[in-house]
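Same order as they appear, the protein sequences are chains A and B.
Here the working numbering = 1-based position in the first sequence + 106.
Here the working numbering = 1-based position in the second sequence + 8.
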Amino acid sequence: MRKRQKPTMTRVRRSGGPEVSVDLLSGLALAVVGALFLGYSERQWVEDWMFPIGAASAAMVIGIVLIGRSIWNPGRRVALLPRLGRSGLDMSVFLVVSALYIFLARPVGFWVVSAAYVFVMSLVFAAKRTWRWAGISAVVSIGVIAVFYVLMVKIFYIPLPRSRWLPFGF
Amino acid sequence: MLLATIGMSPTGTVTRYTFGFPMMRGGLELVGVLIGIFAIPQVIDMVGGSRTKPEISRFKNRRGVNLRVIRELLAHPIGLLRSSAIGTAIGIVPGVGGPVATLVSYNEAVRWSKDKSKFGKGDIRGVVASEAAGNAVIGGALVPLVGLGIPGSGPTAVMMGAFLMLGLQPGPFLFQRDPTLVYSIGWSVIAAGVVTFLLALVAAKTFTRIAAVPISVLAPLIVFLCVVGAFATRSLMMDVTFTVGIGVAVYYLSKLGFHPAPIGLGVILGPIIEPAMLQSVAISRASSIVDVFLMRPVSAVLIVLTIGSAAWAVATARKDGRAEKTETHDDKG
Numbered sequence: 107m108r109k110r111q112k113p114t115m116t117r118v119r120r121s122g123g124p125e126v127s128v129d130l131l132s133g134l135a136l137a138v139v140g141a142l143f144l145g146y147s148e149r150q151w152v153e154d155w156m157f158p159i160g161a162a163s164a165a166m167v168i169g170i171v172l173i174g175r176s177i178w179n180p181g182r183r184v185a186l187l188p189r190l191g192r193s194g195l196d197m198s199v200f201l202v203v204s205a206l207y208i209f210l211a212r213p214v215g216f217w218v219v220s221a222a223y224v225f226v227m228s229l230v231f232a233a234k235r236t237w238r239w240a241g242i243s244a245v246v247s248i249g250v251i252a253v254f255y256v257l258m259v260k261i262f263y264i265p266l267p268r269s270r271w272l273p274f275g276f
Numbered sequence: 009m010l011l012a013t014i015g016m017s018p019t020g021t022v023t024r025y026t027f028g029f030p031m032m033r034g035g036l037e038l039v040g041v042l043i044g045i046f047a048i049p050q051v052i053d054m055v056g057g058s059r060t061k062p063e064i065s066r067f068k069n070r071r072g073v074n075l076r077v078i079r080e081l082l083a084h085p086i087g088l089l090r091s092s093a094i095g096t097a098i099g100i101v102p103g104v105g106g107p108v109a110t111l112v113s114y115n116e117a118v119r120w121s122k123d124k125s126k127f128g129k130g131d132i133r134g135v136v137a138s139e140a141a142g143n144a145v146i147g148g149a150l151v152p153l154v155g156l157g158i159p160g161s162g163p164t165a166v167m168m169g170a171f172l173m174l175g176l177q178p179g180p181f182l183f184q185r186d187p188t189l190v191y192s193i194g195w196s197v198i199a200a201g202v203v204t205f206l207l208a209l210v211a212a213k214t215f216t217r218i219a220a221v222p223i224s225v226l227a228p229l230i231v232f233l234c235v236v237g238a239f240a241t242r243s244l245m246m247d248v249t250f251t252v253g254i255g256v257a258v259y260y261l262s263k264l265g266f267h268p269a270p271i272g273l274g275v276i277l278g279p280i281i282e283p284a285m286l287q288s289v290a291i292s293r294a295s296s297i298v299d300v301f302l303m304r305p306v307s308a309v310l311i312v313l314t315i316g317s318a319a320w321a322v323a324t325a326r327k328d329g330r331a332e333k334t335e336t337h338d339d340k341g
């Protein structure tokens, strides 16, 4: 007769990454966040710290209860690293280019970088990369950003990052 | 809620949780956080599915089809009213939302009907039930927002943010201070419904074309607008960085099965709850928080109701889980 396996908090999926109990994961997250905020709290000014200390303590207590519950009954499990495949690569490229966009927005010039960002993205994720599509992308990115520039800077007067070296604050 | 405590305290005497970064003294900007929670994860998800070609059905507008649809809808007045009532009631309960309302309403429509065989095969009664309930949720969700100052869903949380930015504090005092505004909100919901209906009739064909815009163009444009929104409030690039950071974190959490809306609710409600709590303690001149919140009848009843509703939610989830297990077991058997 096959011996029944005891439920555990974590297990390795046959198809890949490790799976972990949702309760354990939530409990750990809450306990760590609660401990972090409690660690940075001060007891000097009672009024200013009463609420955050209360919230952080509650987070810690709930976290510990959830960890305890996951030991008793692991319940539903989730994969720690969702299997994304090709889309994972796409998302990574998207995030790296977006991070570069934010990083370069101020030093280079917000509007110029925005147009370049839309252009690069529309090329990277294009279904077919042809010269025709590149031309369309260039026109669309410059055109749309130009429309937004007029709308936001000239009509609504929204304060956006201005370039120090390009004309018109591009 | 802890995220909302970052920055200057409500009394304005100390800065909290800056973790050694002086630029965090101003705290997190609400608009940026909301964009990070609701917009950025959607864009990341969109990019993740950019390689799969979406199926877009063609819109064929036959003559007189709209009138026929309206006539068919009005042929089921009881179903329409019942579903609207269910949607409104569920909308009032914080945190439940549209999907539950549509399911409950559809379930009720099936339960009340004599001929159940056509449900699930495009029966108009099913469409009426789910759509009417789904739309009625919006009006219902405004009840706790306007009446108590409690946003019960993602969209009402965003509305609450907009109210606060305009210097309005939703809640019982809003009825006293500015009743005209409260009624104008109610009328604007009705007007929005009518305008949406007319717009859908006129522009449905154009709207279907938006779905055909390639994600490679749409996604960067949405990010650009998110950056504009996050930056414009305080002119700080730090807000943009936080927005994207929160967006990535929320995307990961949503992949693990966590719902992002409670984070938004916490960030919105935190700055309201903390000063209110300090005010209550100061006014009561009580020696401890227990005296203020547990020894007063109104707050004690509210606390009991809160604990009761939480316990009810846990019990219902357990019951559903057990029922699901039994169903799976039966299916295997």
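Beta carbons are placed, not taken as given, at the ideal position from N, Cα and C, and that holds for glycine.
query: Contact set for B/V108: own chain, Cβ-Cβ below 8 angstroms, skip 5 residues either direction; result: I98
query: Proximity test, Cβ basis, 7 angstroms: A/A221 and chain B; result: no
query: 9 angstroms Cβ cut-off: residues of chain A touching B/T314; result: Residues of chain A passing the Cβ test: none, with the nearest at roughly 13 angstroms.
query: Residue ranges of each alpha helix (DSSP H) within the stretch 217 to 287 of chain B, 4 or longer; result: 223 to 240, 245 to 263
query: Closer than 6 angstroms: A/W239 CB and nearest the ligand NAP heavy atom; result: The model on display carries no ligand, and the ligand NAP is accordingly not part of it.
query: Residues of the stretch 179 to 203 of chain A with Cβ closer than 7 angstroms to any Cβ of chain B, in chain order; result: V184, P188, L190, R192, S193, D196, M197, F200, L201
query: Contact list for B/P1 against chain A, beta-carbon separation under 9 angstroms; result: Residue 1 of chain B lies beyond the stretch modelled for chain B, which goes from 9 to 341, so this question has no answer here.
query: Selected residue, minimal CA-CA separation from A/F262, among B/P85, B/V236, B/A220; result: B/V236
query: Within the stretch 139 to 199 of chain A, ranges of the alpha helix (DSSP H) (whole runs, at least 4 residues); result: 152 to 178
query: Inter-residue spacing [alpha-carbon to alpha-carbon] between A/W271 and A/V218; result: 12 angstroms
query: Straight-line Cα distance separating A/D154 from B/S17; result: 6 angstroms
query: Three-state secondary structure assigned by DSSP to B/E37; result: coil
query: Proximity test, Cβ basis, 7 angstroms: B/K129 and chain A; result: no
query: A/K260 classed as buried or exposed, judged by whether at least 16 other C-beta atoms fall within 10 angstroms; result: exposed
query: Residue closest to B/R304, alpha-carbon to alpha-carbon, out of B/V203, B/S288, B/A318; result: B/S288
query: Selected residue, minimal CA-CA separation from B/V135, among B/V312, B/I158, B/S91; result: B/S91
query: Nearest candidate by alpha-carbon position, reference B/F46, set B/L310, B/T110, B/A269; result: B/A269
query: Contacting positions in the stretch 196 to 220 of chain B - beta carbon closer than 8 angstroms to chain A; result: none
query: Secondary structure of B/R70, DSSP reduced to three states; result: coil
query: Extent of the continuous alpha helix (DSSP H) run through B/P180; result: 180 to 185
query: Element boundaries [alpha helix (DSSP H), containing A/P124]; result: Counting along the chain, A/P124 falls outside any alpha helix (DSSP H), though it belongs to the beta strand (DSSP E) covering 124 to 127.
query: Neighbourhood of B/I52 by C-beta, 8 angstroms cutoff - its chain only, sequence neighbours within 5 removed; result: G255, V256, Y259
query: Bridge partners - B/R79, DSSP secondary structure assignment; result: Paired residues: none, contrary to the question.
query: Nearest-angstrom beta carbon gap, B/V101 and B/G160 [assumed within contact, 8 angstroms]; result: 7 angstroms
query: Neighbourhood of A/I251 by C-beta distance below 8 angstroms, restricted to the same chain and skipping five residues each side; result: W217, S220, A221, V224
query: Integer-rounded CB distance, given that A/G169 should sit under 8 angstroms from A/L134; result: 7 angstroms
query: Closer than 7 angstroms to chain A by CB, B/M363; result: Missing from the structure shown is residue 363 of chain B; chain B here goes from 9 to 341 and no further.
query: Where B/G15 sits in the DSSP three-state scheme; result: strand
query: Under the three-state DSSP convention, the category B/T21 falls into; result: coil
query: Under the three-state DSSP convention, the category B/A319 falls into; result: helix
query: Euclidean distance between Cα positions of B/M245 and A/I208; result: 8 angstroms
query: Alpha carbon of A/R120 to alpha carbon of A/V126, nearest angstrom; result: With a pLDDT of 47 at A/R120, under the threshold of 50, the predicted position of this residue should be treated as unreliable, though the coordinate-derived value follows. Using only the alpha carbons, I get a separation of about 14 angstroms.
query: Spatial distance of A/S147 from B/I193 (CA atoms); result: 41 angstroms
query: Contacting positions in the stretch 252 to 275 of chain B - beta carbon closer than 7 angstroms to chain A; result: V252, V256, K263, L264, G265
query: Reduced DSSP secondary structure (H/G/I, E/B, other) of B/L209; result: helix
query: Status (buried if at least 16 other CB within 10 Å, exposed otherwise) for B/R33; result: exposed
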